[in-house]
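*Asks:* If you're matching them up, the sequences are chains R and B in order. Position 79 (the first sequence) corresponds to 78 in numbering that gives the first Met the number 0; numbering is contiguous. Position 138 (the second sequence) corresponds to 137 in numbering that gives the first Met the number 0; numbering is contiguous.
There are 2 protein chains.
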Amino acid sequence: MAAQPASPAPVQEPGLRARKKQRTRDALIEAAHRLFLGQGFARTTVDEIAAAVDVSQRTFFRYFANKDEVALAVLAEAEDHFIEQLRARPAEETPLQALRAAIVGSWRERGAGRDTGPCSVTAALELIRMIENTPTLLAAHLRRVTEQERLLVGIIAEREGVDPAEDLRPAVLAAAFGGVLRAAHLSWSADQEDTGPEGMIALINRHLDLLAPALTGDWRA
Amino acid sequence: MAAQPASPAPVQEPGLRARKKQRTRDALIEAAHRLFLGQGFARTTVDEIAAAVDVSQRTFFRYFANKDEVALAVLAEAEDHFIEQLRARPAEETPLQALRAAIVGSWRERGAGRDTGPCSVTAALELIRMIENTPTLLAAHLRRVTEQERLLVGIIAEREGVDPAEDLRPAVLAAAFGGVLRAAHLSWSADQEDTGPEGMIALINRHLDLLAPALTGDWRA
DNA sequence: GGACATTATGTCAGTCACTGACATTCGGCA
DNA sequence: TGCCGAATGTCAGTGACTGACATAATGTCC
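#1: For chain B, check one thing: does any of its Cβ atoms lie closer than 7 Å to the Cβ of Leu151 (chain R)?
#2: Starting from Ser105 (chain B), trace the alpha helix (DSSP H) in both directions and tell me its first and last residue.
#3: Can you give me the start and stop residues for the alpha helix (DSSP H) that Glu197 (chain B) sits inside?
#4: Helix, strand or coil: which one does DSSP assign to Trp218 (chain B)?
#5: Name the chain B residues that come within less than 7 Å of Arg159 (chain R), Cβ to Cβ?
#6: What is the rounded straight-line gap between the Cα of Ile102 (chain B) and the Cα of Leu15 (chain R)?
#7: How about Val45 (chain R) and Ala30 (chain R): do their beta carbons lie closer than 7 Å?
#8: Kindly indicate if chain B contains any beta-carbon less than 7 Å away from that of Ala72 (chain R).
#9: Starting from the Cα of Val69 (chain B), find the closest Cα among B:Phe35, B:Gln84, B:Arg99 and B:Arg88 and give me that residue.
#10: Take Ala123 (chain B) and list the residues in its own chain whose beta-carbon comes closer than 7 Å to its own, dropping the five residues that flank it on each side.
#11: So the candidates are B:Arg109, B:Asp162, B:Arg57 and B:Thr135; which of them puts its Cα closest to the Cα of Met199 (chain B)?
#12: What span of residues does the alpha helix (DSSP H) with Gln147 (chain R) cover, start to end?
#13: Decide if Pro89 (chain R) is buried, meaning its Cβ has at least 16 other Cβ atoms within 10 Å, or exposed.
#14: I'd like to know whether the C-beta of His184 (chain B) is nearer than 7 Å to at least one C-beta of chain R.
#15: Got a sec? Which residues, its chain only, sit under 8 Å from Thr135 (chain B) by beta carbon, not counting five neighbours each side?
#16: Using a C-beta to C-beta distance shorter than 9 Å, which residues of chain B count as neighbours of Pro94 (chain R)?
#17: For the candidate residues B:Met129, B:His206, B:Glu47 and B:Val152, whose alpha-carbon lies nearest to that of Arg86 (chain B)?
#18: For a cutoff of 7 Å on Cβ pairs, would you count Ala175 (chain R) as touching chain B?
#19: Does the Cβ of Ala1 (chain R) have 16 or more other Cβ atoms within 10 Å, making it buried, or fewer, making it exposed?
#20: Count the other CB atoms within 10 Å of the CB of Ala5 (chain B); is the residue buried (16 or more) or exposed (fewer)?
#21: In three-state terms, what does DSSP make of Pro7 (chain R)?
#22: Using beta carbons (cut-off 7 Å, strictly below), is Gly178 (chain R) in contact with chain B?
#23: Suppose contacts are defined by Cβ-Cβ distances below 7 Å. Is Ser55 (chain R) in contact with Arg128 (chain R) by that definition?
#24: Determine the extent of the alpha helix (DSSP H) in which Glu91 (chain B) is found, giving its start and end residues.
#25: Have a look at R:Arg149, R:Asp193 and R:Gln191 and flag the residue whose alpha-carbon is nearest the alpha-carbon of Phe176 (chain R).
#26: Please list, in chain order, all residues of the same chain as Phe59 (chain R) whose beta carbon is under 6 Å from its beta carbon, the five residues on each side excluded.
#27: Check distances from the C-beta atoms of the region 119-140 of chain R to those of chain B and list, in chain order, the residues that come in under 9 Å.
#28: Let's see if you can read the secondary structure: which residues bound the alpha helix (DSSP H) around Pro13 (chain R)?
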């Protein structure tokens with residue numbers, strides 16, 4: 000209706016080209032995820048993944064920089080969602096309170112939603128477990144996480160109105176939070192039974208509850 | 000003099016074979032470190048490193064599982080030293096106090112010692128800086144660090160007499176400590192001038208001082 | 001000192017991740 | 001219809017890494 004006559008509007012629904020690209024990308028992620036879970040990350044070749052989607056190996060590498068990336072792509076959506084949630088937290092909250100609320104809210108909200116698509120919550124949880132027993136994936140994942148932490152530093156600093164180059168507290172908080180979150184992930188994936196998103200939330204809360212007591216206080220009391 | 004007549008004593012000085020092996024290993028580490036610093040990690044091939052020490056590529060891979068490992072070997076000695084220092088801390092100290100004293104003591108003691116050999120303090124500091132701007136190395140390093148953290152969990156739990164499977168505090172503390180330590184490393188390597196071991200110690204202390212304030216308290220006070 | 005087991009090393013061939021160059025095809029648009 | 005640019009395929013090449021096998025160096029026992 001109110002569309003510009005001819006000039007390409009900055010916001011327009013994606014054309015056939017873009018949709019096809021997205022479909023290829025999703026198909027690659029989905030095929031990779033399935034193959035990785037079925038036969039293991041190391042025993043799956045890029046050629047196999049490409050063949051499963053009927054594209055050339057070269058095309059695969061135009062979508063993903065390396066084999067790790069297609070595996071971790073499943074988590075990207077979750078991370079974006081977490082950042083979004085964090086940005087929406089009220090300013091009154093303590094930074095740590097905001098971080099906790101954002102991560103818990105993110106898991107819960109995604110857990111409640113429809114569980115389809117290659118980046119669903121269940122896929123993310125399956126991936127987290129896979130990461131822990133795949134050294135090369137773990138390494139790539141940890142690198143991503145530290146990049147996310149750098150982003151966190153900026154958000155926290157802005158929230159609190161401090162200069163992250165001067166005040167080291169945002170960096171320290173982000174690092175500690177990231178570390179504890181990873182401990183919770185590890186604990187979850189060590190568990191035999193799959194407790195789903197709520198199990199993960201419970202573990203995250205339990206770990207965060209222990210952050211302050213672990214630092215100070217007498218452990219033998 | 001008091002040597003056993005003939006039976007092979009369980010403790011004996013290494014023979015020619017072992018010494019030669021150690022020399023080859025050190026030479027590989029030293030050559031790799033030099034080449035990496037000179038022309039960058041990615042632009043150095045394993046063949047080059049092997050050629051510099053005059054061994055075959057296959058031999059290189061019998062000493063190190065991959066290219067990352069030879070680079071990070073420089074840090075292995077430092078990590079062992081830290082663990083050693085931690086084990087020597089008195090039991091009265093709070094876990095966090097012990098961790099701090101161990102990491103500071105480790106850097107200081109190594110900084111005071113003779114600075115020769117491929118795993119010297121200066122080499123370690125150079126490496127830390129290199130890691131931060133080499134994605135693949137950073138990933139490998141982070142994975143090693145998490146393994147060390149798992150070791151830390153055991154040591155802390157033993158110190159305090161708790162069961163790490165039941166009590167999550169050791170895991171949380173190790174994760175938080177590791178995260179903060181990494182933030183300090185990052186901060187150090189972002190600094191333009193090389194402040195040496197003492198500069199690193201100062202940064203670690205400043206970061207650890209902020210751990211508790213970053214978690215609680217009002218940032219805008 | 002010599003025979004023998006053990007271990008370190010070299011050589012070779014092969015797999016696989018990843019990349020640059022170039023040709024081809026396909027979607028969007030006049 | 002015809003053109004442009006983006007997406008894809010093909011091909012050749014590099015470099016990390018591995019298994020198999022032969023050879024040489026070392027330690028040991030007599």
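Think of the CB as a built atom: it goes at the ideal place given N, C-alpha and C, for glycine as much as any other residue.
*Replies:* The answer reads as follows:
#1: For the purposes of this step, residue 151 (chain R) is taken as residue 152 along the first sequence, with counting starting at 1. The Cβ of Leu151 (chain R) sits no closer than 7 Å to any Cβ of chain B.
#2: The sequence position of residue 105 (chain B) within the second sequence is 106, counting from 1. Boundaries of the alpha helix (DSSP H) around Ser105 (chain B): Pro94 to Ala111.
#3: The sequence position of residue 197 (chain B) within the second sequence is 198, counting from 1. From DSSP, the alpha helix (DSSP H) with Glu197 (chain B) extends over Gly195 to Asp208.
#4: The count along the second sequence starts at 1 and reaches residue 218 (chain B) at position 219. It is coil, neither helix nor strand.
#5: Here residue 159 (chain R) is taken as the residue at index 160 of the first sequence, counted from 1. According to the sequence as given, residue 159 (chain R) is Glu; it is not Arg. Proximity of chain B to Glu159 (chain R) at the Cβ level (cut-off 7 Å) is accounted for by Trp218 and Arg219, in chain order.
#6: As a first step, residue 102 (chain B) must be located in the second sequence, where it is residue number 103. As a first step, residue 15 (chain R) must be located in the first sequence, where it is residue number 16. Rounded to the nearest whole angstrom, the C-alpha separation of Ile102 (chain B) and Leu15 (chain R) is 58 Å.
#7: Counting from 1 along the first sequence, the entry for residue 45 (chain R) is found at position 46. Counting from 1 along the first sequence, the entry for residue 30 (chain R) is found at position 31. Taking 7 Å as the Cβ cut-off, Val45 (chain R) and Ala30 (chain R) do not qualify as a contacting pair.
#8: Start at 1 with the first residue of the first sequence, and residue 72 (chain R) comes out as number 73. For Ala72 (chain R), the answer is no, since every Cβ of chain B falls outside 7 Å of its Cβ.
#9: Taking the second sequence and counting its residues from 1, one reaches residue 69 (chain B) at position 70. Taking only the C-alpha atoms, the option nearest Val69 (chain B) is B:Phe35.
#10: For this step, residue 123 (chain B) is matched to residue 124 along the second sequence. These residues qualify, in order along the chain: Val73, Leu74 and Ala77.
#11: Numbered from 1 along the second sequence, position 200 holds the residue referred to as residue 199 (chain B). Nearest in C-alpha terms to Met199 (chain B), of all of B:Arg109, B:Asp162, B:Arg57 and B:Thr135, is B:Arg109.
#12: As a first step, residue 147 (chain R) is located in the first sequence; it is residue number 148 there, counting from the start. From DSSP, the alpha helix (DSSP H) with Gln147 (chain R) extends over Pro134 to Glu159.
#13: On the first sequence, residue 89 (chain R) is found 90 positions in, with the first residue counted as 1. Exposed, by the Cβ-count rule.
#14: As a working mapping, residue 184 (chain B) is identified with position 185 in the second sequence. No, its Cβ sits nowhere closer than 7 Å to a Cβ of chain R.
#15: Translated into positions along the second sequence, residue 135 (chain B) becomes position 136. For Thr135 (chain B), where only same-chain residues beyond five positions count, the Cβ hits under 8 Å are Phe40, Ala41 and Asp67.
#16: Within the first sequence, residue 94 (chain R) is the residue found at index 95, counting from 1. Ala213, Leu214 and Trp218, listed in chain order.
#17: If you number the second sequence from 1, residue 86 (chain B) lands on position 87. It is B:Val152.
#18: As a first step, residue 175 (chain R) must be located in the first sequence, where it is residue number 176. Yes, its Cβ sits closer than 7 Å to a Cβ of chain B.
#19: Locating residue 1 (chain R) in the first sequence gives position 2, where the first residue counts as 1. Model confidence at Ala1 (chain R) stands at a pLDDT of 33, short of 50, so the residue's coordinates are unreliable and nothing is read from them.
#20: Taking the second sequence and counting its residues from 1, one reaches residue 5 (chain B) at position 6. With a pLDDT of 33 at Ala5 (chain B), under the threshold of 50, the modelled position of that residue is not reliable, and the figure given next carries that caveat. It counts as exposed.
#21: Taking the first residue of the first sequence as position 1, residue 7 (chain R) is located at position 8. Any answer about Pro7 (chain R) is weak, because its pLDDT of 37 lies below 50 and its placement is not dependable; what the coordinates show is given next. When secondary structure is reduced to three states using DSSP, Pro7 (chain R) falls in the coil class, being assigned neither helix nor strand.
#22: As a position in the first sequence, residue 178 (chain R) is number 179, starting the count at 1. Judged by the 7 Å Cβ criterion, Gly178 (chain R) is in contact with chain B.
#23: As a position in the first sequence, residue 55 (chain R) is number 56, starting the count at 1. As a position in the first sequence, residue 128 (chain R) is number 129, starting the count at 1. Cβ atoms of Ser55 (chain R) and Arg128 (chain R): not closer than 7 Å.
#24: Within the second sequence, residue 91 (chain B) is the residue found at index 92, counting from 1. No alpha helix (DSSP H) holds Glu91 (chain B); DSSP gives it neither H nor E.
#25: Counting from 1 along the first sequence, the entry for residue 176 (chain R) is found at position 177. Of R:Arg149, R:Asp193 and R:Gln191, the residue nearest in Cα terms is R:Arg149.
#26: Walking along the first sequence from the start, residue 59 (chain R) turns up at place 60. Once the five neighbours on either side are set aside, the close Cβ partners of Phe59 (chain R) are Val45 and Ala49.
#27: Against chain B - using a Cβ distance shorter than 9 Å - the residues of the region 119-140 of chain R are Pro134, Thr135, Leu137, Ala138, Ala139 and His140.
#28: As a first step, residue 13 (chain R) is located in the first sequence; it is residue number 14 there, counting from the start. Pro13 (chain R) -> no alpha helix (DSSP H), and no H or E assigned at all.
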